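One structure is given here, and the rest of the page talks about it.
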Amino acid sequence: MATSSPARLYCTLVGAVLVIAGIIGFFYSSGFDTGVAGVRADTDEVFGILGVNGWHNLVHIALGVLALAAAGSPSGARMYCLGIGLVYVVLAIWGFIDGDGVILGLVPLNDEDNVLHLILGLTGLAAGAATPRTEAPASA
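Take the sequence shown: its position 80, counted from the start at 1, is 80 in our numbering, and no numbers get skipped.
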């Protein structure tokens, strides 16, 4: 790996944790029902805190794998942090506003999930902002 940066550190740590969390989540709930009632019926809480179902677990694994892949490139890591940071902040706000605890009829969210998403989003944005842009080497 070339040089270390806050974005690469974020991608490596958060990516690994998301993949592990997604795998652990399947031990709690692997249901893929849709709709508010179906999602609520299939939702279980990991460690009694974070609501998950099969869709939520797949999202965690996909975002984790993407983060780990982005960690290999300074510009990719920075773009991932800024992009996923924004997504997580929007998701947290949406989750706090939404009253039924189910996003898009697929993914369960509770207040603890929303707080975690807000933390992940803000730290992602901070890591992306703290990482300088990399410029392509000048061609001779």
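The beta carbon of each residue, even a glycine, is placed where N, CA and C say it ideally should be.
Just so you know, these numbers come straight off a predicted model, no measurement behind them.
With DSSP as the reference, label residue 109 as helix, strand or coil. If you number the sequence shown from 1, residue 109 lands on position 109. Looking at residue 109 - three-state DSSP - the assignment turns out to be coil, as it is neither helix nor strand.
Compute the Euclidean distance between the alpha carbons of residue 7 and residue 115, then round it to the nearest angstrom. On the sequence shown, position 7 is the one that residue 7 refers to. On the sequence shown, position 115 is the one that residue 115 refers to. For residue 7 and residue 115, the distance between alpha carbons rounds to 21 Å.
Determine the closest residue to residue 50 out of 112, 121, 93, 68, with distance taken between C-alpha atoms. Position 50 of the sequence shown, counted from the first residue, corresponds to residue 50. Here the closest residue by C-alpha is 112.
Any 3 or more C-beta pairs closer than 8 Å across the segment 81-90 and the segment 36-51: no
Hey, quick one: how far does the alpha helix (DSSP H) through residue 100 stretch, first residue to last? On the sequence shown, position 100 is the one that residue 100 refers to. Where residue 100 is concerned, there is no enclosing alpha helix (DSSP H), given that its DSSP letter is neither H nor E.
Counting only the same chain and skipping the five closest in sequence on each side, list residues whose C-beta sits under 8 Å from that of residue 125. In the sequence shown, the residue the question calls residue 125 occupies position 125. Excluding sequence neighbours, residue 125 sits near 81, 82, 85, 86, 89.
Please state the DSSP three-state secondary structure of residue 72. Sequence index remark: in the sequence shown, residue 72 carries index 72 (1-based). It is coil, neither helix nor strand.
Kindly identify the DSSP beta-bridge partner or partners of residue 44. Reading the sequence shown from its first residue, position 44 is the one you call residue 44. Its beta-bridge partners are 52.
From what residue to what residue does the alpha helix (DSSP H) around residue 8 run? Along the sequence shown, one-based indexing puts residue 8 at 8. 6-28 is the span of the alpha helix (DSSP H), which, as asked, contains residue 8.
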